[in-house]
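S.K.: All the letters of the sequence shown, read from the start, carry residue numbers 1 to 262 under the UniProt record's numbering.
Here a beta-carbon is modelled for each residue, glycine too, at the ideal position from N, C-alpha and C.
Right, I'll just put the structure down here and ask away after.
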Amino acid sequence: MSFPSATRIGGSAFNHQQSGDAEAEYDRLRDLARQEHSKRQHCSAESQKAYARGDGGAAHDLSQEAKSHGQKADDYNRQASEFIFRENNAVGRVDSDTIDLHGQFVEEAEEILEQRIKYAKSTGQNHLHVIVGKGNHSVNHVQKIKPRVEQICQEQGLQYHTEHNEGRIYINLTGGAAVPPAGYGQPQQYDQSHHGKPQYQTAYPLGNQQGQQQQGYPAQQQGYQQNQQQQQGTQEMDYEEEIKKNLPKVIRFLKKNCCTVM
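Written as structure tokens, this is what we have:
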């Protein structure tokens, strides 16, 4: 499922001074995803019209086209999510015990954080800093990522503490009280030595993505793609079932009203 209107953190997707090319690439990918989502909606609407006039063949073809556009939208959003993650979590921009979710849609942020927590636990890390943003540029200044992060912590029985500026959360991965270490929350100086250059190595191993080292962290991409495949399979079944269920009714209605069915 694509998330064309989902909320992302902050007014900027970046946590640092970025090049115009990097920002343009991120915006390009999100815009392409929105375009594909719009095409998917159009094809779905046309498919419904085909059902109504009893044209099962056209309805099926349009439903397949809608699914194709949905897949493309998901692919573009995945690329945007991975691109901004690499930019914001590159070595020198965040510490190895920190994850920055700027630029992510809520569902993307949830997937990334869950995988990051698994990795941290598997490598013996006892805490994690999560940058969630303050929602300054969200509608009505309502934070979207922070509540989802808190929900994940609650579901996993993890204690957490919100920093005083409400833009970052400290999570205790051991199950104990969330007591941030001394100096936590102090302003960080990000390394700008790679400003304008593509970032491929993150502050922790992201996984089997192109241009990165093959390391042990179960990639966000792998889990994301598995979820998308499951969702696409469900969508395909829904389309086919809808055709089977509605087409006979439409044909009977047309016959009853003396219409000629070609």
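Assuming Ala50 contacts Ala58 (C-beta within less than 8 Å), just tell me the rounded distance between them.
M.R.: The residue you call residue 50 lines up with position 50 of the sequence shown. The residue you call residue 58 lines up with position 58 of the sequence shown. That belief holds up - the Cβ atoms of Ala50 and Ala58 are roughly 4 Å apart, short of 8 Å.
S.K.: Out of curiosity, what's the CA-to-CA distance linking Glu46 and Gln35?
M.R.: Numbered from 1 along the sequence shown, position 46 holds the residue referred to as residue 46. Numbered from 1 along the sequence shown, position 35 holds the residue referred to as residue 35. Distance between the alpha carbons of Glu46 and Gln35 is about 17 Å.
S.K.: If you reduce the DSSP assignment to three classes, tell me which class His164 lands in.
M.R.: In the sequence shown, counting from the first residue as 1, residue 164 sits at position 164. It is coil, neither helix nor strand.
S.K.: Would you call Asp95 buried or exposed, if buried means 16 or more other Cβ atoms sit within 10 Å of its Cβ?
M.R.: Working through the sequence shown from its first residue, we reach residue 95 at position 95. Asp95 should be labelled exposed.
S.K.: Confirm, please, whether the CB-CB distance from Val132 to Leu113 is below 7 Å.
M.R.: Position 113 of the sequence shown, counted from the start, is the residue given in the question as residue 113. Position 132 of the sequence shown, counted from the start, is the residue given in the question as residue 132. Cβ distance not < 7 Å, so Leu113 and Val132 don't count as in contact.
S.K.: What would DSSP say about Asp27, mapped onto helix, strand or coil?
M.R.: In the sequence shown, counting from the first residue as 1, residue 27 sits at position 27. In this structure, Asp27 counts as helix in the three-state DSSP scheme.
S.K.: How is the alpha helix (DSSP H) around His69 delimited, first residue to last?
M.R.: In the sequence shown, residue 69 corresponds to position 69, counting from 1. It spans Gly56 to Asn88 - the alpha helix (DSSP H) in which His69 sits, taken as one unbroken run.
S.K.: Between the alpha carbons of Asn77 and Gly124, how many angstroms are there, rounded?
M.R.: For the purposes of this step, residue 77 is identified with residue 77 of the sequence shown, where counting begins at 1. For the purposes of this step, residue 124 is identified with residue 124 of the sequence shown, where counting begins at 1. Roughly 32 Å between the two C-alpha positions.
S.K.: With respect to the beta strand (DSSP E) encompassing Val94, which residues constitute its N-terminal and C-terminal limits?
M.R.: In the sequence shown, counting from the first residue as 1, residue 94 sits at position 94. That residue, Val94, is in no beta strand (DSSP E); it is neither H nor E in DSSP.
S.K.: Tell me whether Gln143 is buried or exposed, calling it buried when 16 or more other Cβ atoms sit within 10 Å of its Cβ.
M.R.: Within the sequence shown, the letter at position 143 stands for residue 143. So Gln143 ends up on the buried side.
S.K.: Note down the Cα distance separating Gly176 from Ser122, rounded to an integer number of angstroms.
M.R.: As a working mapping, residue 176 is identified with position 176 in the sequence shown. As a working mapping, residue 122 is identified with position 122 in the sequence shown. Roughly 17 Å separates the two Cα atoms.
S.K.: Can you tell me where the alpha helix (DSSP H) with Val149 in it begins and where it stops?
M.R.: Position 149 of the sequence shown, counted from the first residue, corresponds to residue 149. Note, Val149: alpha helix (DSSP H), Ile145 to Glu155.
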